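Using my numbering, read the sequence shown as starting at 1148 and increasing by one per residue.
Before any comments, here is the structure.
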Amino acid sequence: MENVSNSGEAEEAPVVSPCVSICALDGDDICTGCHRSGEEIRQWILLDNTARREVLSKACERAKIGNPFA
(Lines of atoms letter the chains of each structure in order from A and count residues from 1; the text may use other names and numbers.)
(Lines give C-alpha, C1' and ligand atoms only; values in the text may rest on other atoms or scores of the structure.)
Protein backbone atom coordinates (compact mmCIF):
# COMPACT_ATOMS: atom_id res chain seq x y z
CA MET A 1 0.00 0.00 0.00
CA GLU A 2 1.38 3.42 -0.91
CA ASN A 3 1.10 6.48 1.25
CA VAL A 4 0.16 9.75 -0.43
CA SER A 5 1.74 12.97 0.77
CA ASN A 6 -0.02 16.30 0.98
CA SER A 7 1.45 17.18 -2.41
CA GLY A 8 -0.34 14.19 -3.93
CA GLU A 9 2.86 12.25 -4.66
CA ALA A 10 3.02 8.58 -3.72
CA GLU A 11 5.41 7.84 -0.87
CA GLU A 12 7.33 4.61 -0.59
CA ALA A 13 6.49 2.45 2.44
CA PRO A 14 9.33 2.23 4.98
CA VAL A 15 11.74 -0.69 4.62
CA VAL A 16 10.88 -3.10 7.46
CA SER A 17 13.41 -3.89 10.17
CA PRO A 18 15.14 -7.28 9.80
CA CYS A 19 14.90 -7.88 13.56
CA VAL A 20 13.98 -11.49 14.36
CA SER A 21 13.75 -10.95 18.14
CA ILE A 22 17.03 -12.75 18.82
CA CYS A 23 18.76 -9.67 20.17
CA ALA A 24 22.26 -10.51 21.32
CA LEU A 25 25.40 -8.68 20.27
CA ASP A 26 28.52 -10.79 19.89
CA GLY A 27 32.06 -9.69 20.75
CA ASP A 28 32.28 -7.77 17.47
CA ASP A 29 29.08 -5.78 18.25
CA ILE A 30 27.08 -7.72 15.64
CA CYS A 31 23.59 -9.02 16.44
CA THR A 32 23.45 -12.81 16.23
CA GLY A 33 19.84 -12.60 15.03
CA CYS A 34 19.73 -9.96 12.30
CA HIS A 35 23.49 -9.52 11.66
CA ARG A 36 23.37 -5.74 12.00
CA SER A 37 25.93 -3.86 14.07
CA GLY A 38 24.85 -2.19 17.28
CA GLU A 39 25.23 1.19 15.59
CA GLU A 40 23.11 0.08 12.60
CA ILE A 41 20.40 -1.08 15.01
CA ARG A 42 20.48 2.22 16.93
CA GLN A 43 20.36 4.31 13.74
CA TRP A 44 17.66 2.26 11.95
CA ILE A 45 14.74 4.50 12.90
CA LEU A 46 16.60 7.55 11.54
CA LEU A 47 17.62 6.03 8.19
CA ASP A 48 15.86 6.60 4.89
CA ASN A 49 14.94 3.61 2.72
CA THR A 50 18.12 3.83 0.64
CA ALA A 51 20.31 3.67 3.75
CA ARG A 52 18.16 0.88 5.21
CA ARG A 53 18.67 -1.18 2.06
CA GLU A 54 22.43 -0.66 2.37
CA VAL A 55 22.31 -1.91 5.97
CA LEU A 56 20.26 -4.94 4.87
CA SER A 57 22.78 -5.71 2.15
CA LYS A 58 25.68 -5.60 4.62
CA ALA A 59 23.77 -7.75 7.11
CA CYS A 60 23.01 -10.31 4.38
CA GLU A 61 26.69 -10.51 3.47
CA ARG A 62 27.64 -10.97 7.11
CA ALA A 63 25.10 -13.78 7.44
CA LYS A 64 26.29 -15.52 4.26
CA ILE A 65 30.00 -15.45 4.84
CA GLY A 66 30.09 -15.29 8.62
CA ASN A 67 32.21 -12.14 8.51
CA PRO A 68 31.03 -9.47 10.95
CA PHE A 69 33.12 -6.82 9.21
CA ALA A 70 31.59 -7.25 5.73
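Ideal Cβ placement from N, Cα and C applies to all residues, glycine included.
Being a predicted model, the structure only gives us computed values, none of them experimental.
Could you have a look at residue i and say whether DSSP puts it in helix, strand or coil?
{"i": "I1177", "result": "strand"}
{"i": "S1168", "result": "coil"}
{"i": "A1157", "result": "strand"}
For residue i and residue j, what's the separation of their Cα atoms in angstroms?
{"i": "R1200", "j": "V1162", "result": "7 Å"}
{"i": "V1202", "j": "A1157", "result": "24 Å"}
{"i": "I1192", "j": "S1164", "result": "9 Å"}
{"i": "R1183", "j": "D1195", "result": "16 Å"}
{"i": "I1212", "j": "C1178", "result": "15 Å"}
{"i": "C1207", "j": "D1175", "result": "16 Å"}
{"i": "S1204", "j": "A1210", "result": "10 Å"}
{"i": "A1171", "j": "Q1190", "result": "17 Å"}
Please report the Cβ distance between residue i and residue j, rounded to the nearest whole angstrom; I am assuming they are in contact, meaning their Cβ atoms lie under 8 Å.
{"i": "G1180", "j": "I1169", "result": "3 Å"}
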